[in-house]
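In the numbering used here, the protein residues as written are 49 to 246. Take a look at the structure set out below.
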């Protein structure tokens with residue numbers, strides 16, 4: 049979203065994270081703006097039964113964790129590297145200065161946050177009122193628009209595991225697997241070598 053050159057100009061530092069390593073933890077106060085250079089980050093928390101609920105998954109050139117940074121509130125979820133990842137971290141005072149001196153970037157940040165709020169609103173309605181197949185398809189279609197899933201002759205490759213789809217939609221993995229198989233039978237999805245395509 050923000051160019052690497054501009055972030056580095058304001059003092060952003062590259063940080064590397066191994067798979068399953070936390071970037072920040074639920075309950076901590078935010079100190080930095082984070083943007084992904086490579087890899088994949090998930091924000092999630094756990095319910096009382098120990099079940100994980102994924103709040104969001106973020107990829108190359110995407111940022112994460114801004115709302116608590118702007119509000120100076122504690123993080124409501126953990127941010128964890130799904131795979132080996134490299135991230136740019138810019139401290140809050142420098143990030144604030146960057147936004148003040150670059151109004152066009154501020155508009156981009158607002159648009160990005162508005163998009164996430166829109167997604168949360170759509171998915172909240174889906175989770176509470178629709179059947180599993182509809183939920184899974186809605187999430188996949190959202191992912192195609194905003195996660196930049198790669199496209200080839202088979203269609204869009206859905207770069208989410210069955211577990212991640214479950215954690216993002218509030219469904220059990222078994223239910224996700226059944227929903228995907230039913231959607232394949234209806235011609236909405238393709239399954240090729242265990243990979244899902246839309």
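Each residue gets a CB set at the ideal place from its N, CA and C atoms; glycine is no exception.
I'd like the span of the beta strand (DSSP E) that includes residue i, first residue to last.
| i | result |
| --- | --- |
| residue 134 | 133–139 |
| residue 211 | Note, residue 211: premise wrong, no beta strand (DSSP E); alpha helix (DSSP H) at 210–217. |
| residue 118 | Here residue 118 belongs to no beta strand (DSSP E); instead the alpha helix (DSSP H) covers 114–119. |
| residue 206 | Where residue 206 is concerned, there is no enclosing beta strand (DSSP E), given that its DSSP letter is neither H nor E. |
| residue 197 | No beta strand (DSSP E) contains residue 197, which DSSP labels as neither H nor E. |
| residue 70 | 70–72 |
| residue 95 | Premise fails: residue 95 is in no beta strand (DSSP E) and is neither H nor E. |
| residue 76 | Note, residue 76: premise wrong, no beta strand (DSSP E); not H, not E. |
| residue 127 | 126–129 |
DSSP three-state label for residue i, please.
| i | result |
| --- | --- |
| residue 52 | helix |
| residue 88 | coil |
| residue 100 | strand |
| residue 143 | helix |
| residue 241 | coil |
Ordered along the chain, which non-local residues of its own chain (more than five positions away) have a Cβ less than 7 angstroms from that of residue i?
| i | result |
| --- | --- |
| residue 80 | 137, 138, 139, 140 |
| residue 238 | 202, 203, 232, 245 |
| residue 60 | 136, 137, 138 |
Tell me the residue span of the alpha helix (DSSP H) that contains residue i.
| i | result |
| --- | --- |
| residue 61 | First-last for residue 61: 61–65, but that is the beta strand (DSSP E), not the alpha helix (DSSP H). |
| residue 221 | 221–233 |
| residue 151 | 151–177 |
| residue 188 | 180–194 |
With a threshold of 6 angstroms on Cβ separation, who are the neighbours of residue i within its own chain once the five nearest residues in sequence on each side are excluded?
| i | result |
| --- | --- |
| residue 166 | none |
| residue 69 | 129 |
| residue 146 | 58 |
| residue 218 | 175 |
| residue 183 | 174, 217 |
| residue 154 | 147 |
Beta-carbon within less than 8 angstroms of residue i's beta-carbon, same chain only, minus the 5 sequence neighbours each way: which residues are those?
| i | result |
| --- | --- |
| residue 210 | 221, 224, 225, 228 |
| residue 189 | 246 |
| residue 102 | 90, 91, 92, 212, 215, 216 |
| residue 134 | 62, 63, 64, 65, 84, 85, 86, 87 |
| residue 156 | 49, 50 |
| residue 164 | 104 |
| residue 120 | 77, 78 |
How close, in whole Å, do the beta carbons of residue i and residue j come, if the pair is a contact with beta carbons under 8 angstroms?
| i | j | result |
| --- | --- | --- |
| residue 122 | residue 76 | 6 angstroms |
| residue 107 | residue 195 | 6 angstroms |
| residue 127 | residue 71 | 4 angstroms |
| residue 124 | residue 74 | 7 angstroms |
| residue 185 | residue 236 | 6 angstroms |
| residue 161 | residue 114 | 6 angstroms |
Does the beta carbon of residue i fall short of 8 angstroms from some heavy atom of the ligand GTP?
| i | result |
| --- | --- |
| residue 103 | Among the components of this structure there are no ligands whatsoever, and the ligand GTP is therefore not found. |
Residue i CB to nearest chain C CB: under 9 angstroms?
| i | result |
| --- | --- |
| residue 108 | Included in the structure is just one protein chain, with no chain C present. |
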